[in-house]
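Novice:
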Amino acid sequence: MESKTAVEEALAFLTSLTRFGIRPTLDRMRVMLSMLDEPHTRYPVVHIAGTNGKGSTARFIAGALQEAGLVTGLFTSPHLVRYNERMMLQGRPIADDELLSLVDEVRPVIAETARLSDHPTEFEVATVLAFSYFARRRVDVAVVEVGMGGSWDSTNVVDPCLSVITPIAMDHMDRLGHTLAEIAGEKAGIIKPGRPVVAAAQEEEAARVIAEKARAQGSPLIWVRDKQDAESDRCDSRFTALGWDLTGGRFHLDSRGEHWSDVQVGMLGRYQISNAALAAVACQLLAEQGFPVRENHVRAALKSVRWPGRLELIHESPFVLLDGAHNAQGARALADALGQLFADRRRALILGMMGDKQVDEVLSALLPQAAAVYCTAPASSRTAPLRPKELAQHVGRIAESLHLHLESVRAIDDAWAAMQQALAESGPDDVLCVCGSLYLVGEVRGAWERVKTAAP
Numbered sequence: 025m026e027s028k029t030a031v032e033e034a035l036a037f038l039t040s041l042t043r044f045g046i047r048p049t050l051d052r053m054r055v056m057l058s059m060l061d062e063p064h065t066r067y068p069v070v071h072i073a074g075t076n077g078k079g080s081t082a083r084f085i086a087g088a089l090q091e092a093g094l095v096t097g098l099f100t101s102p103h104l105v106r107y108n109e110r111m112m113l114q115g116r117p118i119a120d121d122e123l124l125s126l127v128d129e130v131r132p133v134i135a136e137t138a139r140l141s142d143h144p145t146e147f148e149v150a151t152v153l154a155f156s157y158f159a160r161r162r163v164d165v166a167v168v169e170v171g172m173g174g175s176w177d178s179t180n181v182v183d184p185c186l187s188v189i190t191p192i193a194m195d196h197m198d199r200l201g202h203t204l205a206e207i208a209g210e211k212a213g214i215i216k217p218g219r220p221v222v223a224a225a226q227e228e229e230a231a232r233v234i235a236e237k238a239r240a241q242g243s244p245l246i247w248v249r250d251k252q253d254a255e256s257d258r259c260d261s262r263f264t265a266l267g268w269d270l271t272g273g274r275f276h277l278d279s280r281g282e283h284w285s286d287v288q289v290g291m292l293g294r295y296q297i298s299n300a301a302l303a304a305v306a307c308q309l310l311a312e313q314g315f316p317v318r319e320n321h322v323r324a325a326l327k328s329v330r331w332p333g334r335l336e337l338i339h340e341s342p343f344v345l346l347d348g349a350h351n352a353q354g355a356r357a358l359a360d361a362l363g364q365l366f367a368d369r370r371r372a373l374i375l376g377m378m379g380d381k382q383v384d385e386v387l388s389a390l391l392p393q394a395a396a397v398y399c400t401a402p403a404s405s406r407t408a409p410l411r412p413k414e415l416a417q418h419v420g421r422i423a424e425s426l427h428l429h430l431e432s433v434r435a436i437d438d439a440w441a442a443m444q445q446a447l448a449e450s451g452p453d454d455v456l457c458v459c460g461s462l463y464l465v466g467e468v469r470g471a472w473e474r475v476k477t478a479a480p
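Numbered per my numbering, the sequence shown spans residues 25 to 480.
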């Protein structure tokens with residue numbers, strides 16, 4: 025095992041690359057991958073884009089492929105607690121010594137790329153590390169989640185066997201566009217000529233863009249819609265939600281000439297039923313391409329897979345939930361889940377948000393579900409978070425506009441201190457929800473695990 029100091033230095037090196045920002049182009053990726061003998065071409069790839077649900081859908085698909093006996097790589101971002109979580113093999117994060125080995129291998133490639141072209145960004149390097157890891161381990165298939173957008177995302181160098189598009193909403197407008205059509209155009213950039221694409225139900229504006237892109241690329245497009253959706257009559261993949269509670273959800277699926285009855289989903293929230301149905305249809309498309317994934321594999325994965333930080337219940341009495349909802353669509357889904365699952369309980373939010381997010385829209389969705397709000401901020405994040413006092417001012421303004429009477433709104437700089445304060449002021453039947461930022465969720469989750477481990 026390599027020394028902790030060496031691993032920490034490698035992680036500090038990767039973190040230092042954030043200073044190069046986000047600069048849309050695939051040129052640097054192509055230079056690096058060429059020097060590494062094109063590792064991303066050595067295995068089939070399932071490529072996933074969208075605004076919400078990408079990580080959960082990716083996990084469901086990867087889990088089903090693993091159940092089918094395939095050696096499966098999974099690349100997602102950002103990580104919650106440890107950088108290693110971004111690159112998984114058979115559901116396990118990359119080991120420290122192997123990550124260090126890959127960083128050592130890629131460092132001269134980074135330097136040479138900077139000399140020949142331009143300095144790679146942190147996410148580009150992370151993507152190259154993942155592609156190289158999967159090639160080194162000779163995976164049978166890799167499931168790759170887009171970081172941001174699609175067209176110019178560093179993952180979009182792959183030629184996928186299947187593209188998957190989850191629900192698209194307004195997010196990252198400074199990078200992707202100021203209309204839903206513009207954002208959908210970026211996300212639809214993962215659609216490749218002749219390669220099938222499976223897509224979740226979308227707003228009409230986004231659906232039109234996806235359909236036009238698929239048609240232009242000659243790519244078969246399969247929509248996955250709720251049977252209650254009027255548009256579902258025009259697609260051959262429909263699901264019917266049967267119910268959801270603190271044990272998960274259930275649905276029927278009618279797709280590709282098959283009927284799957286009473287499929288169980290282990291993750292909480294109605295929106296996970298939609299993600300699970302999308303993943304199930306994606307697996308049907310993979311089966312049609314010759315992958316040995318069957319209904320029983322998909323059922324097993326949907327029931328057993330968990331995705332930390334996505335409506336994750338980590339404690340009872342009081343209930344403590346973690347959810348990375350950070351845009352309007354995600355906040356509405358979280359609010360719906362809180363109202364459905366905990367309608368008769370007092371609920372409090374431990375809330376932190378990045379400065380570039382839809383603050384008013386998120387607060388308008390979440391505050392009606394809250395009795396108290398503890399405003400805080402993660403210690404580190406890719407973009408600057410709102411200061412807790414500033415966030416508290418936003419909370420007060422939105423609460424007043426909605427005629428809400430909150431018990432209290434506190435601004436606490438340290439995220440774990442905010443969590444401790446909320447716990448101290450809650451009763452055994454209360455619900456505490458950490459939300460607004462995956463960075464905040466990761467920080468609180470990591471601290472919670474450390475405290476639990478240290479407890480006698």
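Where a beta carbon is used, it is the ideal one built from N, C-alpha and C, also for glycine.
Based on DSSP bridge pairs, tell me the residues matched to Thr264.
Specialist: Thr264 pairs with His276.
Novice: Taking Thr42 as the reference, which of Glu122, Ser404, Ser298 has the closest Cα?
Specialist: Among Glu122, Ser404, Ser298, the Cα nearest to that of Thr42 is on Ser404.
Novice: Candidates Glu146, Val127, Ile134, Gly79: which alpha carbon is nearest Gly115's?
Specialist: Among Glu146, Val127, Ile134, Gly79, the Cα nearest to that of Gly115 is on Gly79.
Novice: Helix, strand or coil for Arg370, going by three-state DSSP, please let me know.
Specialist: Residue state, collapsed to three classes: coil.
Novice: Under the rule that 16 or more other beta-carbon atoms within 10 Å means buried, what is Glu62, buried or exposed?
Specialist: Label assigned to Glu62: exposed.
Novice: Compute the distance between the beta-carbons of Leu387 and Val419, then report whether it is under 8 angstroms.
Specialist: The answer is yes: Cβ separation under 8 angstroms.
Novice: On the three-state DSSP scale, how would you describe Arg116?
Specialist: Arg116 falls in the strand class under three-state DSSP.
Novice: Buried or exposed: Arg83, going by 16 or more other Cβ atoms within 10 Å of its Cβ?
Specialist: Buried: at least 16 other Cβ atoms inside 10 Å.
Novice: Which residue's Cα is closest to the Cα of Asn299: Arg274, Pro342, Gly281?
Specialist: For Asn299, the nearest C-alpha among the options comes from Arg274.
Novice: Tell me which same chain residues have a C-beta within less than 6 angstroms of the C-beta of Val455, skipping the five on either side of it?
Specialist: If we look at Val455 and ignore the five residues flanking it on each side, its Cβ neighbours are Phe343, Phe366, Arg369, Arg371.
Novice: Under the rule that 16 or more other beta-carbon atoms within 10 Å means buried, what is Glu136, buried or exposed?
Specialist: The residue is exposed, with fewer than 16 neighbouring Cβ atoms inside 10 Å.
Novice: Do Ala166 and Phe13 come within 8 angstroms of each other at the CB atom, strictly closer than that value?
Specialist: Missing from the structure shown is residue 13; the chain here goes from 25 to 480 and no further.
Novice: Looking at C-beta atoms only, is the number of pairs between the stretch 44-57 and the stretch 131-145 that lie closer than 8 angstroms three or more?
Specialist: Touching, yes.
Novice: With respect to the alpha helix (DSSP H) encompassing Gln382, which residues constitute its N-terminal and C-terminal limits?
Specialist: No alpha helix (DSSP H) contains Gln382, which DSSP labels as neither H nor E.
Novice: Do Val397 and Val433 count as a contact pair if the criterion is CB distance below 8 angstroms?
Specialist: Cβ distance < 8 angstroms, so Val433 and Val397 count as in contact.
Novice: Got a sec? Which residues, its chain only, sit under 8 angstroms from Ala235 by beta carbon, not counting five neighbours each side?
Specialist: Excluding residues within five positions, the ones whose Cβ falls inside 8 angstroms are Leu245.
Novice: Can you tell me which of Gly97, Asp128, Gln241, Glu227 puts its alpha carbon nearest to the alpha carbon of Ala117?
Specialist: Reading off the sequence, residue 117 comes out as Pro, not Ala. Among Gly97, Asp128, Gln241, Glu227, the Cα nearest to that of Pro117 is on Gly97.
Novice: Are three or more beta carbon pairs between the stretch 303-312 and the stretch 183-202 nearer than 8 angstroms?
Specialist: With the cut-off at 8 angstroms, the stretch 303-312 and the stretch 183-202 touch.
Novice: Do three or more CB pairs link the stretch 350-364 to the stretch 201-214 at distances below 8 angstroms?
Specialist: Taking 8 angstroms as the limit for Cβ pairs, the verdict is that the stretch 201-214 does not touch the stretch 350-364.
Novice: Under the three-state reduction of DSSP, which class applies to Cys399: helix, strand or coil?
Specialist: Reduced to three states, the DSSP call for Cys399 is strand.
Novice: Just the Cα atoms here: how many angstroms apart are Gln252 and Ala225?
Specialist: Going from the Cα of Gln252 to the Cα of Ala225 covers about 11 angstroms.
Novice: Compare the Cα-Cα distances from Val95 to each of Ala208, Gly242, Arg162, Ala154 and report the closest residue.
Specialist: The option with the nearest alpha carbon to Val95 is Arg162.
Novice: Which one of Arg406, Ile374, Thr407, Val383 has the shortest CA to CA distance from Asp437?
Specialist: The residue with the shortest Cα to Cα distance from Asp437 is Ile374.
Novice: So the alpha helix (DSSP H) Arg474 belongs to, where does it begin and stop?
Specialist: Start and end: 462-478.
Novice: By the three-class DSSP mapping on this structure, what secondary structure does Ile189 have?
Specialist: Ile189 falls in the strand class under three-state DSSP.
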